[in-house]
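The structure under discussion appears below in the form of structure tokens.
Residue numbers (our numbering): 393 to 901.
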């Protein structure tokens, strides 16, 4: 005789599936009721067969009824393909022979994305209209034949798919351990194959948010996508439910998120303690309490995943899922960071963190290729008597002075401008879509800031100045290739004219 628990479990499973079928049968749009009835007759998808399947003692694989139900919805709506994800036996698809491999792969990706972000996706492409919904880790989707499917039809399909996904969750097709094993796969899908540091980190925090149903952020050692490479900890990504102002903030060593990295163990904040060490001092500070999970690359902690809100029970299924996630994130972020740092070394000056000459040349070349290029200004800046400073105070002082000027340049320019170190004490500022008059204002502001901003060495104020040469296209040169030589000539005149001044190139003839 079968054990009562076995009977009860199977009965609940049958009831759950019956509820799904009943919900689907209640859909009335686009003749779905008649189509389902015909499909059940044609395929033999009958409940007595399901009963016989489950009410047996013989071990066997689980039925693929959710796949059949998704295919039933596909046929009812005249679709060409159907997908389900999150099943313990793997994801599945059913498609007409007319659906090519790329379309099947794209459809599977859209359904995977829906399973993670929980939103309805309606994507119209040449192959048809992809419709997908999800509730992590489950998802289902249909490819409608019409690339311009009416909104009413798409919404009807969304409603049917939501019932199907709700049934998948109600029946419990994925158990605790199996669900946790999907984390790596879901992360890879959400990242969309992204190998960039920013892409992997963003995928990680969004998946953490889906798992925990609360905000998440990633703190990484070595700086973020827009920061100069350094040893500190920085918030490089925050999920949509987290405080976006955190991105780019430095995390002090004593903060809970930093302690999780240094100790390589999960850390929980106490009371209203800010996980990020009061990175932002405001009334939303209490929203930044939470739990930090260290992310490991081998034996080394490279950062932490912070989940805000009440502490995560270390013995809960959520904690296990988050541990799986940080295990996957550790190796992925380490690899992405290595690529990012290599790319940054190719375009950044290692001393100042500004762009290097090669990157400035690339910007100029790209501008030259534009048809009828817009106005652009180039500023050349050189520190006055820098050799004397180096010889008097030493190279360490000279390096510090160069970093001081680099910080002034970064403060003075817009996000669209490029500040570069192009030689020993020589800098350049590339300002696209900027006329000469505006470029001269920026150059004067930079010169004045260098003169009045206090710089100390060995505790003693050390004043120094800079000279600037400014040239613009098309006011100063007719050929943009001559812009550099015009700016250089203007800088030479500034030096000859007494230093600590701004000179502009003469008008083009």
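Every residue gets a Cβ at the ideal spot worked out from N, C-alpha and C, and that includes glycine.
If you reduce the DSSP assignment to three classes, tell me which class residue i lands in.
i	result
residue 848	strand
residue 479	coil
residue 494	helix
residue 473	strand
residue 870	coil
residue 821	strand
residue 523	strand
residue 426	Its pLDDT being 39, under 50, residue 426 is placed unreliably by the model, and the measurement read from it follows with that caveat. In this structure, residue 426 counts as helix in the three-state DSSP scheme.
residue 459	helix
residue 709	helix
residue 539	coil
residue 608	strand
residue 859	strand
residue 727	helix
residue 466	helix
residue 704	coil
residue 617	Residue confidence is low: residue 617 scores 42 on pLDDT, short of 50, so the model does not pin down where it sits. Its coordinate-derived value is still stated next. Looking at residue 617 - three-state DSSP - the assignment turns out to be coil, as it is neither helix nor strand.
residue 354	Nothing can be reported for residue 354: it is not among the residues displayed for the chain, which extend from 393 to 901.
residue 511	coil
residue 833	helix
residue 882	helix
Taking a contact to mean a Cβ-Cβ separation below 9 angstroms, would you say residue i touches residue j in this structure?
i	j	result
residue 928	residue 767	Since the first residue of the chain shown is 393 and the last is 901, residue 928 is not available in this structure.
residue 609	residue 700	yes
residue 809	residue 797	no
residue 476	residue 532	yes
residue 689	residue 654	no
residue 535	residue 495	yes
residue 894	residue 900	no
residue 694	residue 725	yes
residue 775	residue 850	no
residue 472	residue 487	yes
residue 603	residue 721	no
residue 805	residue 841	no
residue 635	residue 663	no
residue 538	residue 624	no
residue 641	residue 627	yes
residue 879	residue 897	yes
residue 685	residue 652	yes
residue 540	residue 521	yes
residue 864	residue 773	no
Determine the direct distance from the alpha carbon of residue j to that of residue i, and round the result to whole angstroms.
i	j	result
residue 704	residue 734	36 angstroms
residue 839	residue 876	19 angstroms
residue 588	residue 612	14 angstroms
residue 860	residue 780	19 angstroms
residue 871	residue 595	45 angstroms
residue 499	residue 506	11 angstroms
residue 790	residue 632	43 angstroms
residue 601	residue 548	28 angstroms
residue 639	residue 647	16 angstroms
residue 479	residue 464	17 angstroms
residue 846	residue 599	46 angstroms
residue 559	residue 527	11 angstroms
residue 866	residue 750	23 angstroms
residue 524	residue 605	21 angstroms
residue 692	residue 656	8 angstroms
residue 889	residue 831	20 angstroms
residue 711	residue 752	47 angstroms
residue 680	residue 792	36 angstroms
residue 837	residue 727	41 angstroms
residue 843	residue 729	38 angstroms
residue 892	residue 862	14 angstroms
residue 794	residue 629	30 angstroms
residue 592	residue 502	18 angstroms
residue 359	residue 474	This structure cannot settle anything about residue 359, because the visible part of the chain is limited to 393 through 901.
residue 816	residue 687	39 angstroms
Nearest by alpha-carbon distance to residue i: which of the options is it?
i	options	result
residue 873	784, 834, 781 and 759	759
residue 742	812, 710, 635 and 715	812
residue 458	538, 556 and 508	556
residue 698	709, 669 and 707	669
residue 643	666, 541, 590 and 658	666
residue 778	818, 756, 740 and 747	818
residue 828	769, 550, 794 and 878	769
residue 868	857, 844, 856 and 882	882
residue 504	491, 529 and 514	529
residue 854	782, 803 and 823	782
residue 747	802, 597 and 516	802
Identify every run of the alpha helix (DSSP H) within the segment 736-774, keeping only runs that are complete inside it and at least 4 residues long; order them along the chain.
-> 749-760
Where in the segment 626-702 do unbroken runs of the alpha helix (DSSP H), each at least 4 residues long, occur, reported from the N-terminal end onward?
-> 648-655
Could you name each continuous alpha helix (DSSP H) segment of 4 residues or more that falls completely within the segment 776-831, going from the start of the chain to the end?
-> 778-785 and 787-804
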